[in-house]
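J.: Sharing a structure below in structure tokens format, with a few things to ask.
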Amino acid sequence: MPARRSAVLVAAALITASACSSGGGKKAAPPRPPTTTTTAAAPLKVTASAATVDSMRDPAPPFPDDLRDQVLATLTSYLSAGIAAPLRTAQPSAGLDGVFTADALARLAPGGPDRAALIEEPAPVAGTVHPDTATATLVALAGQNGEIGMVNANVTLTVTATNGGSRVQIARTGDLVLVPAAGGWRIDSYDMSTKRDTAPAPVPSTTTTTAKAKKK
Amino acid sequence: MKRWFAAAGLFLAVVLTGGAVALAQGQPVVEVHRVDEGHFTAAPGAPIFIMVLGVDGRPGIDSDRADAIHIIGVNPAAGSATILDIPRDTWVPIPGRGSSKINDAYTFGGADLQARTIQQFVGVDVRYVITTTFASFPRMVDEIGGISLNIPQPMHDKFSGSNFDPGTRQMNGGETFAFVRDRHSFNDGDIDRTGNQGAVILAALTRLRSQGVTASNVFKWLGILGRGTKITGGATVIDLYRLGRLGLSIDPAKVRNVVMPAGTGNVGAASVVFPAAGAASLFADFKDDAVLQAH
Numbered sequence: 010m011p012a013r014r015s016a017v018l019v020a021a022a023l024i025t026a027s028a029c030s031s032g033g034g035k036k037a038a039p040p041r042p043p044t045t046t047t048t049a050a051a052p053l054k055v056t057a058s059a060a061t062v063d064s065m066r067d068p069a070p071p072f073p074d075d076l077r078d079q080v081l082a083t084l085t086s087y088l089s090a091g092i093a094a095p096l097r098t099a100q101p102s103a104g105l106d107g108v109f110t111a112d113a114l115a116r117l118a119p120g121g122p123d124r125a126a127l128i129e130e131p132a133p134v135a136g137t138v139h140p141d142t143a144t145a146t147l148v149a150l151a152g153q154n155g156e157i158g159m160v161n162a163n164v165t166l167t168v169t170a171t172n173g174g175s176r177v178q179i180a181r182t183g184d185l186v187l188v189p190a191a192g193g194w195r196i197d198s199y200d201m202s203t204k205r206d207t208a209p210a211p212v213p214s215t216t217t218t219t220a221k222a223k224k225k
Numbered sequence: 024m025k026r027w028f029a030a031a032g033l034f035l036a037v038v039l040t041g042g043a044v045a046l047a048q049g050q051p052v053v054e055v056h057r058v059d060e061g062h063f064t065a066a067p068g069a070p071i072f073i074m075v076l077g078v079d080g081r082p083g084i085d086s087d088r089a090d091a092i093h094i095i096g097v098n099p100a101a102g103s104a105t106i107l108d109i110p111r112d113t114w115v116p117i118p119g120r121g122s123s124k125i126n127d128a129y130t131f132g133g134a135d136l137q138a139r140t141i142q143q144f145v146g147v148d149v150r151y152v153i154t155t156t157f158a159s160f161p162r163m164v165d166e167i168g169g170i171s172l173n174i175p176q177p178m179h180d181k182f183s184g185s186n187f188d189p190g191t192r193q194m195n196g197g198e199t200f201a202f203v204r205d206r207h208s209f210n211d212g213d214i215d216r217t218g219n220q221g222a223v224i225l226a227a228l229t230r231l232r233s234q235g236v237t238a239s240n241v242f243k244w245l246g247i248l249g250r251g252t253k254i255t256g257g258a259t260v261i262d263l264y265r266l267g268r269l270g271l272s273i274d275p276a277k278v279r280n281v282v283m284p285a286g287t288g289n290v291g292a293a294s295v296v297f298p299a300a301g302a303a304s305l306f307a308d309f310k311d312d313a314v315l316q317a318h
């Protein structure tokens, strides 16, 4: 993989430079040749920027770690299956059964009234889909028994899809409300908006890096 | 495009205001009682009826009575609602108890009997019963930032603590509390007061909507509601959330606040209220779709 090879070269250069400078006193490190790296697509994963609880009793319980992980897993599945996959494969989204409740799925089916608000439709094969931002601010609602019954995820999900000379950045933002269902946490309701920004694709993603030796 | 499919209760405004008719000194209580076991789902076209009770129970009072009775009918498809205010002294048949003042039903059999009494009297299928006492009432009003109310006439009453001149004014929790308690400033006493309670429900709805109906805000408002209150009857957090969304989706301009036509009289030594001419047709107009077309 070119990117990895380049990274190894850079690391090797750094190590070499460091080794040279460590024992060489004032001897200058040899100039480093420019190296070229390519940017690998970041993994599709939604992360939490905050997780708090609104409670119908005092004191509010903490936001459980395992709940946070389950909710983020559902959001990540949504990002992957509902947004990225149709762009990458030019096929309709699949695998949403474990993401949405049955009621929500009914409205998100092809031709459903809310589909455009949440689901990406197949486009000419995008080639690459890069997640720019995938964050969620989580707020749970706990009842008077202290049990958390709902979670709202205020999300910012932005991806850039590139195909040859064209590029589109798709930003889906808003609220996804999750409820317990089928042993997990699924999206039951939503208030989302979508923004698309098209622009020519940039020059192929190469960067030039000049390695610098650390001085001790 | 923004969409919400999980509509969901005049509930917040209702609970914040319903039943504020007597000064409670004990623990604040809000009971949400689901009359049947059916799970609420948004059903466009199908009206939903919620009964809101204010119970005067407090330490030193042996038997609770429902001194504020409001039936909220919501029509999700029309985006409309009606608040039907029932005077507490209305003389009605109570299932299994003969005839009595309508607020005695709660004393006899709690929320269930009160609901059955209302269902028999008005003819609506009450889906939920929300019962409040209100030690926390002023605090909850304060926590939503107060409400704006129109004072219909001079209100200066030492019993309730009201001291208002006519006009629109911003009210804090304590002032609102006095407003909904005052019956001595009005010729028709509790008949007028129950209408004022309905007006507070509308004002609270307006206030909440002005802050933006988002999932986060609804969570916050349910938290305000729940803290310091007691909710029983099986309504889940999801039920409450959906009810809240439904109610908050309705423009206050499309909510009618109507007091049951009534006149006063006596049964023995008791001063009571009788349904007046027009009450039956009002109920019929109300129960078919929760929207008043002929009144």
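Heads up: the sequence lines are chains A and B, in that order.
Quick note on my numbering: the first sequence kicks off at 10 and runs consecutively.
Quick note on my numbering: the second sequence kicks off at 24 and runs consecutively.
For glycine and all other residues, C-beta sits at the position ideal for the given N, C-alpha and C.
(1) Of the choices A:Thr142, A:Leu53, A:Ala132, whose alpha-carbon is the least far from that of A:Asn163?
(2) Is there a Cβ from chain A that is less than 7 Å from the Cβ of B:Gly249?
(3) Is there a Cβ of chain B sitting closer than 7 Å to that of A:Leu150, yes or no?
(4) Please work out which residues of its chain come closer than 6 Å, Cβ to Cβ, to A:Ile157, disregarding the five sequence neighbours upstream and downstream, and give them in chain order.
(5) Can you find at least 3 beta carbon pairs, one from the region 188-205 of chain B and one from the region 162-171 of chain B, that sit closer than 8 Å?
(6) Decide if the region 104-112 of chain A is in contact with the region 70-79 of chain A; the criterion is three or more beta carbon pairs, one per stretch, under 8 Å apart.
(7) For my contact list, A:Thr144 and A:Ser58 are in at a C-beta cut-off of 8 Å; report their separation, rounded to the angstrom.
(8) Quick check: B:Asp205 and B:Asp188, are their CB atoms within less than 7 Å of each other?
(9) Buried or exposed: where does B:Asp202 fall if 16 or more other Cβ atoms within 10 Å of its Cβ makes it buried?
(10) List the endpoints of the continuous alpha helix (DSSP H) containing B:Asn219.
(11) Using the Cα positions of A:Phe72 and B:Asn210, report the straight-line distance between them to the nearest angstrom.
(12) Is DSSP giving A:Thr110 helix, strand or coil here?
(13) At the level of alpha carbons, what is the spacing between B:Ala226 and A:Leu96?
(14) Drop a sphere of 10 angstroms on the beta-carbon of A:Glu129, count the other beta-carbons inside from all chains shown, and report buried for 16 or more, exposed for fewer.
(15) Residues in its own chain within less than 6 Å of B:Ser183 by CB, not counting five upstream and five downstream?
(16) In the structure shown, what three-state DSSP assignment does A:Phe72 receive?
(17) Tell me whether B:Ala307 is buried or exposed, calling it buried when 16 or more other Cβ atoms sit within 10 Å of its Cβ.
(18) So with Cβ pairs under 7 Å, would you call B:Phe242 a contact of chain A?
(19) Is it buried or exposed for B:Pro122, if we count other Cβ within 10 angstroms and need 16 for buried?
(20) Note down, in chain order, all residues in the region 54-65 of chain A with a beta-carbon under 8 Å from any beta-carbon belonging to chain B.
(21) Would the region 228-236 of chain B and the region 271-281 of chain B be scored as touching if the rule is three or more Cβ pairs under 8 Å?
(22) Identify, in the order they occur along the chain, each residue of the same chain with its Cβ nearer than 8 Å to the Cβ of B:Val149, setting aside the five sequence neighbours on each side.
(23) Would you mind telling me which residues of chain A sit closer than 7 Å to B:Val260, beta carbon to beta carbon, in chain order?
(24) Using the beta-carbon count (16 or more within 10 Å), is B:Val314 buried or exposed?
(25) Quick one: Cα of B:Ala285 to Cα of A:Leu185, how far?
(26) What does A:Lys204 pair with, by DSSP beta-bridge criteria?
(27) Report the CB separation of A:Asp123 from A:Arg116 in whole angstroms; it is logged as a contact under 8 Å.
(28) Just the chain A side, please: which residues come within less than 8 Å of B:Thr237 by C-beta, in chain order?
(29) I'd like to know if A:Val138 contacts chain B, where contact means its C-beta is closer than 7 Å to some C-beta of that chain.
(30) Can you find a CB in chain B that lies within less than 7 Å of the CB of A:Asp106?
(31) Pick helix, strand or coil for B:Leu107, following the three-state DSSP scheme.
(32) CB-CB under 6 Å to B:Asp312, same chain, minus the five flanking residues each way: which ones, in chain order?
(33) With a threshold of 8 Å on Cβ separation, who are the neighbours of B:Ile247 within its own chain once the five nearest residues in sequence on each side are excluded?
(34) Find the nearest neighbour of B:Pro116 within the set B:Leu107, B:Leu136, B:Ala299, B:Met178, judged by alpha-carbon distance.
(35) Return helix, strand or coil for B:Asn240, following the three-state DSSP convention.
(36) What first and last residue would you give for the beta strand (DSSP E) that runs through B:Gln142?
T.: In terms of the structure at hand:
(1) Translated into the one-based positions of the first sequence, residue 163 of chain A becomes position 154. For the residues A:Thr142, A:Leu53, A:Ala132, the minimum Cα distance to A:Asn163 belongs to A:Thr142.
(2) Position 226 of the second sequence holds residue 249 of chain B. B:Gly249 counts as touching chain A.
(3) As a first step, residue 150 of chain A is located in the first sequence; it is residue number 141 there, counting from the start. Under the Cβ distance rule, A:Leu150 counts among the residues neighbouring chain B, one pair being separated by less than 7 Å.
(4) By one-based count along the first sequence, residue 157 of chain A stands at place 148. Taken in chain order, the residues that qualify are Ala149, Ala151.
(5) Yes, since at least three Cβ pairs between the region 188-205 of chain B and the region 162-171 of chain B fall closer than 8 Å, the two stretches touch.
(6) no
(7) One-based indexing of the first sequence puts residue 144 of chain A at position 135. One-based indexing of the first sequence puts residue 58 of chain A at position 49. A:Thr144 to A:Ser58, Cβ: 5 Å. Contact.
(8) Along the second sequence, read from residue 1 onward, the residue named residue 205 of chain B stands at position 182. Along the second sequence, read from residue 1 onward, the residue named residue 188 of chain B stands at position 165. No, these two residues do not count as a Cβ contact at 7 Å.
(9) On the second sequence, residue 202 of chain B is found 179 positions in, with the first residue counted as 1. One point to set straight first is that residue 202 of chain B is Phe, not Asp, in the sequence displayed. It counts as buried.
(10) Residue numbering aside, residue 219 of chain B sits at position 196 when the second sequence is read from its first letter. Element bounds for B:Asn219: 213-233.
(11) Residue 72 of chain A sits at position 63 when you count from the first residue of the first sequence. Residue 210 of chain B sits at position 187 when you count from the first residue of the second sequence. Here the alpha carbons of B:Asn210 and A:Phe72 stand approximately 53 Å from one another.
(12) The residue you call residue 110 of chain A lines up with position 101 of the first sequence. Here A:Thr110 sits in coil by DSSP.
(13) The residue given as residue 226 of chain B occupies position 203 in the second sequence. The residue given as residue 96 of chain A occupies position 87 in the first sequence. Spanning the two alpha carbons is a distance of roughly 48 Å.
(14) As a working note, residue 129 of chain A is residue 120 in the first sequence. With 16 or more other Cβ atoms within 10 Å, it is buried.
(15) In the second sequence, residue 183 of chain B corresponds to position 160, counting from 1. Excluding residues within five positions, the ones whose Cβ falls inside 6 Å are Ala201, Arg204, Asp205.
(16) Within the first sequence, residue 72 of chain A is the residue found at index 63, counting from 1. In the structure shown, A:Phe72 sits in coil (DSSP, three-state: anything other than H, G, I, E or B).
(17) For the purposes of this step, residue 307 of chain B is taken as residue 284 along the second sequence, with counting starting at 1. Result: exposed.
(18) For the purposes of this step, residue 242 of chain B is identified with residue 219 of the second sequence, where counting begins at 1. Yes - at least one Cβ of chain A is within 7 Å of the one on B:Phe242.
(19) Translated into the one-based positions of the second sequence, residue 122 of chain B becomes position 99. For the sequence presented, residue 122 of chain B should be read as Ser rather than Pro. Exposed: under 16 other Cβ atoms inside 10 Å.
(20) Those would be Asp63, Ser64, Met65, in chain order.
(21) yes
(22) Numbered from its first residue, the second sequence carries residue 149 of chain B at position 126. Excluding sequence neighbours, B:Val149 sits near Val58, Phe72, Ile73, Met74, Ile94, Ala138, Ile141, Gln142.
(23) Within the second sequence, the letter at position 237 stands for residue 260 of chain B. Under the 7 Å cutoff, chain A gives Leu150, Gly152, Gly158, Met159.
(24) Counted from its first residue, the second sequence places residue 314 of chain B at position 291. Buried, by the Cβ-count rule.
(25) Here residue 285 of chain B refers to the residue found at position 262 when the second sequence is read from its first residue. Here residue 185 of chain A refers to the residue found at position 176 when the first sequence is read from its first residue. Near 47 Å, if we compare the C-alpha coordinates of A:Leu185 and B:Ala285.
(26) In the first sequence, the residue the question calls residue 204 of chain A occupies position 195. BP columns for A:Lys204 point to A:Ala180.
(27) In the first sequence, counting from the first residue as 1, residue 123 of chain A sits at position 114. In the first sequence, counting from the first residue as 1, residue 116 of chain A sits at position 107. A:Asp123 to A:Arg116, Cβ: 4 Å. Contact.
(28) Position 214 of the second sequence holds residue 237 of chain B. Near B:Thr237 (Cβ distances below 8 Å), the residues of chain A are Asp184, Asp200.
(29) For the purposes of this step, residue 138 of chain A is taken as residue 129 along the first sequence, with counting starting at 1. Output row for A:Val138: interface = no.
(30) Position 97 of the first sequence, counted from the start, is the residue given in the question as residue 106 of chain A. Answer no: the Cβ-Cβ gap between A:Asp106 and chain B never drops below 7 Å.
(31) By 1-based counting over the second sequence, the position of residue 107 of chain B is 84. Residue state, collapsed to three classes: strand.
(32) By one-based count along the second sequence, residue 312 of chain B stands at place 289. Excluding positions up to five away in sequence, the list reads Pro70, Asn98.
(33) Translated into positions along the second sequence, residue 247 of chain B becomes position 224. Answer for B:Ile247: Met163, Glu166, Ile167, listed in chain order.
(34) Walking along the second sequence from the start, residue 116 of chain B turns up at place 93. For B:Pro116, the nearest C-alpha among the options comes from B:Leu136.
(35) In the second sequence, the residue the question calls residue 240 of chain B occupies position 217. Three-state result, B:Asn240: helix.
(36) For the purposes of this step, residue 142 of chain B is taken as residue 119 along the second sequence, with counting starting at 1. It is not in any beta strand (DSSP E) - B:Gln142 instead sits in the alpha helix (DSSP H) that spans 127-145.
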